[in-house]
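Following the UniProt record's numbering, the numbering of the sequence shown begins with 1 at its first residue and continues without gaps. Ideal Cβ placement from N, Cα and C applies to all residues, glycine included. I have placed the structure first, in the form of structure tokens, so that the comments after it can refer back to it.
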Amino acid sequence: MKWIGAILLICATTLIGVEISSKLSRRPKEIRQLKTALQILEAEIVYSQATLADAFSQIAQQLSQPVSSLFQAIASKLNTSNDLTYTWGEEVNRFLGNSSVGRDEAEVLLQFGETLGQYDIVQQKKYIQLSITHLDRILIEAQENYQRYGKMFKNLGVLAGLFLVLLLI
Numbered sequence: 001m002k003w004i005g006a007i008l009l010i011c012a013t014t015l016i017g018v019e020i021s022s023k024l025s026r027r028p029k030e031i032r033q034l035k036t037a038l039q040i041l042e043a044e045i046v047y048s049q050a051t052l053a054d055a056f057s058q059i060a061q062q063l064s065q066p067v068s069s070l071f072q073a074i075a076s077k078l079n080t081s082n083d084l085t086y087t088w089g090e091e092v093n094r095f096l097g098n099s100s101v102g103r104d105e106a107e108v109l110l111q112f113g114e115t116l117g118q119y120d121i122v123q124q125k126k127y128i129q130l131s132i133t134h135l136d137r138i139l140i141e142a143q144e145n146y147q148r149y150g151k152m153f154k155n156l157g158v159l160a161g162l163f164l165v166l167l168l169i
């Protein structure tokens with residue numbers, strides 16, 4: 001019975017370490033998707049001059065989860081509400097809980113949401129480029145964190161399980 005409990009404890013701590021490492025590996029992918037979403041938004045605003053609800057629907061169709069769900073939710077809420085800043089902030093905060101992105105990315109998105117729809121096309125393009133630049137900086141940091149800590153958390157999960165088993169025996 002002790003051995004079964006020890007194996008289960010090691011498996012549980014290993015899975016926790018793998019999950020943390022997995023979240024670190026998903027973060028750069030989601031940041032890249034956010035950058036792509038902003039680039040698509042820029043193209044939709046500048047070249048096709050689509051409404052924001054239509055632009056967000058286009059972005060949702062072109063990207064994968066969880067980023068597509070953010071833009072789909074905003075697009076559907078814009079059809080019923082006219083308060084873009086509130087809708088954007090509410091959905092970004094909801095997105096933060098459902099994804100691997102961190103507070104830094106959310107802050108960039110929230111600041112961008114405050115400018116969205118407030119200016120002409122040229123100014124809006126500048127704000128999009130500024131947000132993309134901030135996301136580039138955050139992406140480099142996220143990739144470094146994954147390189148530095150990804151394997152460590154996997155190994156730490158196994159070692160923590162072994163330590164607890166030895167401590168309890």
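Compute the distance between the beta-carbons of glutamate 30 and valine 122, then report whether it is under 9 Å. Locating residue 30 in the sequence shown gives position 30, counting from the first residue. Locating residue 122 in the sequence shown gives position 122, counting from the first residue. Going by C-beta atoms, glutamate 30 is not nearer than 9 Å to valine 122.
How is the alpha helix (DSSP H) around glutamine 72 delimited, first residue to last? Position 72 of the sequence shown, counted from the start, is the residue given in the question as residue 72. That run of the alpha helix (DSSP H) goes 67-78.
With 16 other Cβ atoms within 10 Å as the buried cut-off, status of serine 21: As a working note, residue 21 is residue 21 in the sequence shown. Under this definition serine 21 is a buried residue.
Buried versus exposed, by CB contacts within 10 Å (16 or more), lysine 35: Taking the sequence shown and counting its residues from 1, one reaches residue 35 at position 35. So lysine 35 counts as buried.
Local conformation of tyrosine 47 per DSSP, three classes: Here residue 47 corresponds to residue number 47 of the sequence shown, with the count starting at 1. Correct three-state label for tyrosine 47: helix.
For the structure I just gave you, are there three or more beta carbon pairs, one from the segment 10-17 and one from the segment 108-119, closer than 8 Å? Too few Cβ pairs lie closer than 8 Å, so no.
Would DSSP call serine 21 helix, strand or coil? Walking along the sequence shown from the start, residue 21 turns up at place 21. In the structure shown, the three-state DSSP call for serine 21 is helix.
Leaving out five residues on either side along the sequence, give the residues of the same chain with a beta carbon under 7 Å from the beta carbon of alanine 142. Here residue 142 refers to the residue found at position 142 of the sequence shown. Correct list, in chain order: Arg27, Pro28, Ile31.
Cβ-based burial, valine 92 [other Cβ within 10 Å; buried from 16]: By 1-based counting over the sequence shown, the position of residue 92 is 92. It is buried - the Cβ of valine 92 has at least 16 other Cβ atoms within 10 Å.
What would DSSP say about aspartate 104, mapped onto helix, strand or coil? Counted from its first residue, the sequence shown places residue 104 at position 104. Per DSSP, reduced to three states, the secondary structure at aspartate 104 is helical.
Closer than 8 Å is the cut-off here; do at least three beta carbon pairs connect the segment 56-71 with the segment 150-168? Because the criterion of three Cβ pairs below 8 Å is not met, the segment 56-71 and the segment 150-168 do not touch.
contact_flag[the segment 42-62, the segment 73-87] where n(CB pairs < 8 Å) is 3 or more: The segment 42-62 is in contact with the segment 73-87.
Give the range of the alpha helix (DSSP H) segment to which glutamine 124 is assigned. In the sequence shown, counting from the first residue as 1, residue 124 sits at position 124. It spans 121-168 - the alpha helix (DSSP H) in which glutamine 124 sits, taken as one unbroken run.
Going by beta-carbon coordinates alone, are residue 172 and valine 18 separated by less than 9 Å? Absent from the structure is residue 172, since the part of the chain shown begins at 1 and ends at 169.
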